[in-house]
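Student: Chains as they are written, first to last, in this note's numbering: chain A, 348 to 584; chain B, 348 to 584.
Built from N, CA and C at the ideal position, the CB exists for glycine as well.
Before anything else, here's the structure in question.
2 protein chains.
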Amino acid sequence: MTTTGEGIDQQAPVHPHSAMAADLPAATVRRLPEYLRALTALTDSGVDTVSSESLASATGVNSAMLRKDLSQLGATGMRGVGYNVGALAAYIAGVLGLTKDSRVAIIGLGHLGQALSRYPGFSERGFDIVGLFDADPGIIGRELDGLTVRDVAHLAGAVRDKGINIGVIATPETAAQHVADLLVHAGVTSILNFAPCVLAVPEGVVVRKVDLAVELQILSFHEHHKTLRRQETGTVK
Amino acid sequence: MTTTGEGIDQQAPVHPHSAMAADLPAATVRRLPEYLRALTALTDSGVDTVSSESLASATGVNSAMLRKDLSQLGATGMRGVGYNVGALAAYIAGVLGLTKDSRVAIIGLGHLGQALSRYPGFSERGFDIVGLFDADPGIIGRELDGLTVRDVAHLAGAVRDKGINIGVIATPETAAQHVADLLVHAGVTSILNFAPCVLAVPEGVVVRKVDLAVELQILSFHEHHKTLRRQETGTVK
DNA sequence: GTTTGTGAAATATTTCACAGCG
DNA sequence: CGCTGTGAAATATTTCACAAAC
Numbered sequence: 348m349t350t351t352g353e354g355i356d357q358q359a360p361v362h363p364h365s366a367m368a369a370d371l372p373a374a375t376v377r378r379l380p381e382y383l384r385a386l387t388a389l390t391d392s393g394v395d396t397v398s399s400e401s402l403a404s405a406t407g408v409n410s411a412m413l414r415k416d417l418s419q420l421g422a423t424g425m426r427g428v429g430y431n432v433g434a435l436a437a438y439i440a441g442v443l444g445l446t447k448d449s450r451v452a453i454i455g456l457g458h459l460g461q462a463l464s465r466y467p468g469f470s471e472r473g474f475d476i477v478g479l480f481d482a483d484p485g486i487i488g489r490e491l492d493g494l495t496v497r498d499v500a501h502l503a504g505a506v507r508d509k510g511i512n513i514g515v516i517a518t519p520e521t522a523a524q525h526v527a528d529l530l531v532h533a534g535v536t537s538i539l540n541f542a543p544c545v546l547a548v549p550e551g552v553v554v555r556k557v558d559l560a561v562e563l564q565i566l567s568f569h570e571h572h573k574t575l576r577r578q579e580t581g582t583v584k
Numbered sequence: 348m349t350t351t352g353e354g355i356d357q358q359a360p361v362h363p364h365s366a367m368a369a370d371l372p373a374a375t376v377r378r379l380p381e382y383l384r385a386l387t388a389l390t391d392s393g394v395d396t397v398s399s400e401s402l403a404s405a406t407g408v409n410s411a412m413l414r415k416d417l418s419q420l421g422a423t424g425m426r427g428v429g430y431n432v433g434a435l436a437a438y439i440a441g442v443l444g445l446t447k448d449s450r451v452a453i454i455g456l457g458h459l460g461q462a463l464s465r466y467p468g469f470s471e472r473g474f475d476i477v478g479l480f481d482a483d484p485g486i487i488g489r490e491l492d493g494l495t496v497r498d499v500a501h502l503a504g505a506v507r508d509k510g511i512n513i514g515v516i517a518t519p520e521t522a523a524q525h526v527a528d529l530l531v532h533a534g535v536t537s538i539l540n541f542a543p544c545v546l547a548v549p550e551g552v553v554v555r556k557v558d559l560a561v562e563l564q565i566l567s568f569h570e571h572h573k574t575l576r577r578q579e580t581g582t583v584k
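Rendered as structure tokens:
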């Protein structure tokens with residue numbers, strides 16, 4: 348990666364070469380959105396250059412790791428100076444494919460789905476929610492932020508007509524696999540699953556799962572363990 | 348009531364030795380809630396023995412890894428047979444500290460906070476939401492599922508009075524650090540943060556962060572990359 | 001002087017593969 | 001036999017530490 352500086356310094360290429368993004372480590376990909384968020388905050392406060400040290404501490408990672416991540420992408424800084432905030436942000440956005448907005452459908456508009464449909468962070472970061480679907484007649488027809496909840500039977504048509512490329516499943520567990528099948532059949536290859544279950548999908552379809560209770564259970568583990576340690580040090584020795 | 352402690356009266360020690368849980372790899376801890384969920388589903392469908400192979404495929408992991416995870420915990424199966432579903436579930440619940448319910452406060456009752464306050468998965472898995480707090484006079488006083496939203500000024504008192512040990516931050520980014528400071532000052536050492544920012548907390552306080560937009564951005568990366576690959580194979584060579 | 005970019009070392013995690021038990 | 005438990009190998013990820021660039 349020493350060749351082709353791809354100067355971020357002047358005019359950042361907004362479409363980095365696929366070869367670079369191709370085999371990015373999963374751990375690196377997970378951190379990119381975080382870097383981007385910190386860079387956006389820096390832009391907003393008028394900073395235009397940042398060192399790996401300070402960007403790293405703003406995102407809670409080691410500075411060497413940050414530099415290695417960026418160098419994997421093909422992004423470069425200036426020795427003795429740091430990275431250009433705006434150019435680096437644009438570069439990372441390009442790697443993440445955020446230069447064109449994604450069109451998102453949310454399926455399941457219970458409390459969680461409704462909250463997601465109004466979550467400002469989605470549109471702020473380039474995700475357009477263009478379809479809401481549910482199977483419950485009591486919810487179908489309801490209006491949420493300018494969108495009408497439609498019967499999930501219309502999902503496939505909407506995927507085609509509106510170019511939906513991400514499906515968010517916020518249904519109960521029992522309906523999740525069925526909805527996933529509908530999405531896959533309609534040609535959607537990216538799914539964000541909030542239902543607490545593992546989805547079976549064909550190869551080529553990417554599923555990411557967020558289980559809110561899992562996070563609490565992990566906290567519980569640490570809490571429990573802290574308690575045990577306190578008891579030990581209090582009584583033993 | 349916890350969903351996890353079913354009919355495992357005599358077998359399996361429900362309070363595994365702290366020494367085992369002490370230095371559990373982070374990757375293992377992340378998977379335990381998933382194992383527990385799958386085991387609970389098996390219990391519900393009346394299965395009482397499971398092989399590492401089938402439990403692994405139900406949770407989307409390699410069977411050798413599952414066996415290694417369990418052996419790290421100190422949980423054992425029977426060669427040629429498999430694992431006892433109920434006993435294993437109880438054992439994992441013990442390691443995660445789910446044998447006693449945790450008491451949770453949610454701070455910030457916008458759309459997301461309200462959805463979290465009504466999320467059935469929390470109480471189902473042993474997390475009692477016992478306090479709701481906000482700073483907005485338009486929200487304070489509102490009743491949600493039997494709890495009244497109180498002024499965040501009363502947070503510290505409620506932590507003491509109700510034994511709150513987990514704080515969930517669902518405020519806008521701008522308020523998140525302030526709320527974290529309040530929680531820490533009140534003695535809470537476990538925080539789940541939904542605000543898109545890094546929180547500074549003293550050592551000993553565990554923070555887990557869920558950023559809903561980050562997950563979409565990771566999907567966007569894969570989507571973008573799939574597109575690039577299609578273009579390459581379609582045009583080059 | 002400062003800060004990047006990166007080999008090399010150190011850790012962590014996953015997978016393989018098979019001995020050994022029920 | 002089938003399935004667990006686990007060393008050893010293979011990968012993946014993080015950190016160190018320093019030469020090179022500005």
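1) Mind reading off the beta-carbon distance from S537 (chain B) to V553 (chain B)? Whole number of angstroms is fine, and I expect it under 8 angstroms.
2) So, at 6 angstroms on beta carbons, what are the nonlocal neighbours of R465 (chain A) in its own chain, with the 5 sequence-adjacent residues on each side left out?
3) Exposed or buried, which one is H532 (chain A) when buried takes at least 16 other CB atoms within 10 Å?
4) Quick one, are the C-beta atoms of I608 (chain A) and A542 (chain A) less than 7 angstroms apart?
5) Run through DSSP, which three-state label would S449 (chain B) get?
6) Look up V531 (chain B) in the DSSP assignment and say whether it is helix, strand or coil.
7) Whose Cβ in chain B lies nearer than 7 angstroms to the Cβ of N512 (chain A)?
8) Just list the alpha helix (DSSP H) runs in the region 386–444 of chain A, keeping only unbroken ones of 4 residues or longer that don't cross its boundaries, in chain order.
9) Round the Cβ separation of V432 (chain B) and T390 (chain B) to the nearest angstrom and send it over; I've been treating them as touching at under 8 angstroms.
10) Taking a cut of 7 angstroms between CB atoms, which residues from the region 524–554 of chain A lie near chain B?
11) Candidates B:D475, B:L386 and B:G460: which alpha carbon is nearest L482 (chain B)'s?
12) For the alpha helix (DSSP H) containing G510 (chain B), name the first residue and the last one.
13) List the residues that DSSP assigns as beta-bridge partners of G478 (chain A).
14) Using beta-carbon positions only, say whether G473 (chain B) and L456 (chain B) come within less than 7 angstroms of one another.
15) Which two residues bound the contiguous beta strand (DSSP E) that contains L539 (chain B)?
16) Let me check understanding here. Comparing Cα to Cα, which of B:E570, B:H571 and B:R555 lies closest to Q564 (chain A)?
17) To which residues does DSSP link E562 (chain A) through a beta bridge?
18) Applying the criterion that 16 or more other CB atoms from any shown protein chain within 10 Å of the CB defines a buried residue, is D528 (chain A) buried or exposed?
19) Would you report the Cα separation of S399 (chain A) and L413 (chain A), rounded to the nearest angstrom?
20) Please identify the residue among A:G393, A:K415 and A:A385 whose C-alpha is closest to the C-alpha of S404 (chain A).
21) Compare the C-beta of S398 (chain A) with all C-beta atoms of chain B and state if any pair is closer than 7 angstroms.
22) Tell whether a beta-carbon distance below 7 angstroms holds between S567 (chain A) and S470 (chain B).
23) Give a yes or no on whether the C-beta atoms belonging to G468 (chain A) and A560 (chain B) are separated by under 7 angstroms.
24) Checking 7 angstroms against the spacing of the C-beta atoms, do F480 (chain B) and V506 (chain B) come in under that value?
25) Need the endpoints of the alpha helix (DSSP H) that L463 (chain A) sits in, please.
26) Give me the chain A residues within the contact set of R384 (chain B), using Cβ-Cβ distance strictly less than 7 angstroms, ordered along the chain.
27) In the region 404–416 of chain B, which residues sit with their C-beta less than 8 angstroms from some C-beta in chain A, listed in chain order?
28) Is the shortest distance between the beta-carbon of S418 (chain B) and the beta-carbons of chain A less than 7 angstroms?
29) Less than 6 angstroms between C-beta atoms, sequence neighbours within five positions excluded: which residues of the same chain meet that for L477 (chain B)?
30) Taking only beta-carbon atoms, is E353 (chain B) less than 7 angstroms away from chain A?
31) From the beta carbon of G468 (chain B), is the nearest beta carbon of chain A less than 7 angstroms away?
32) Taking the beta carbon of P519 (chain A) as the centre, do at least 16 other beta carbons fall within 10 Å, making it buried, or is it exposed?
33) Applying a beta-carbon distance threshold of less than 8 angstroms, which residues of chain A neighbour A321 (chain B)?
34) Looking at C-alpha atoms only, which residue of A:I511, A:M425, A:L371 and A:Q524 is the closest neighbour of G534 (chain A)?
35) Along the beta strand (DSSP E) that carries R497 (chain A), what are the first and last residues, could you check?
36) With distance defined between alpha-carbon atoms, name the residue in A:T396, A:I453 and A:L443 nearest to H501 (chain A).
Tutor: Taking the coordinates as given:
1) 5 angstroms
2) D492
3) It counts as exposed.
4) A query on residue 608 (chain A) cannot be resolved here, the shown segment of chain A reaching from 348 to 584 and no further.
5) Of the three classes helix, strand and coil, the one that applies to S449 (chain B) here is strand, per DSSP.
6) helix
7) Below the 7 angstroms Cβ cutoff, chain B contributes E570 as neighbours of N512 (chain A), in chain order.
8) Runs found: 399–406, 410–420 and 432–443.
9) 6 angstroms
10) T536, S537, L539, P543, V545 and V553
11) Going by the sequence as given, residue 482 (chain B) is Ala instead of Leu. Its Cα nearest to that of A482 (chain B), the residue B:G460 stands out among B:D475, B:L386 and B:G460.
12) Run containing G510 (chain B): none; DSSP gives neither H nor E here.
13) Note: G478 (chain A) sits in a beta bridge opposite A:A452.
14) no
15) It spans S537 to N540 - the beta strand (DSSP E) in which L539 (chain B) sits, taken as one unbroken run.
16) B:R555
17) DSSP, once it has assigned bridges, lists no residue as partnering E562 (chain A).
18) exposed
19) Taking the straight line from one Cα to the other gives about 7 angstroms.
20) Out of A:G393, A:K415 and A:A385, A:A385 has the C-alpha closest to the C-alpha of S404 (chain A).
21) No, S398 (chain A) lies away from the interface with chain B (no Cβ there is under 7 angstroms from its Cβ).
22) no
23) yes
24) no
25) H458 to S464
26) P543
27) A405, T406 and G407
28) No, because no Cβ of chain A sits closer than 7 angstroms to the Cβ of S418 (chain B).
29) Contrary to the premise, residue 477 (chain B) reads as Val rather than Leu in this sequence. Taken in chain order, the residues that qualify are R450 and K509.
30) Residue placement at E353 (chain B) is flagged as unreliable, the pLDDT there being 27, under the threshold of 50; a coordinate-derived value is accordingly withheld.
31) yes
32) exposed
33) One cannot answer for residue 321 (chain B) here, as it falls past the ends of chain B, which runs 348 to 584.
34) A:I511
35) L494 to D498
36) A:I453
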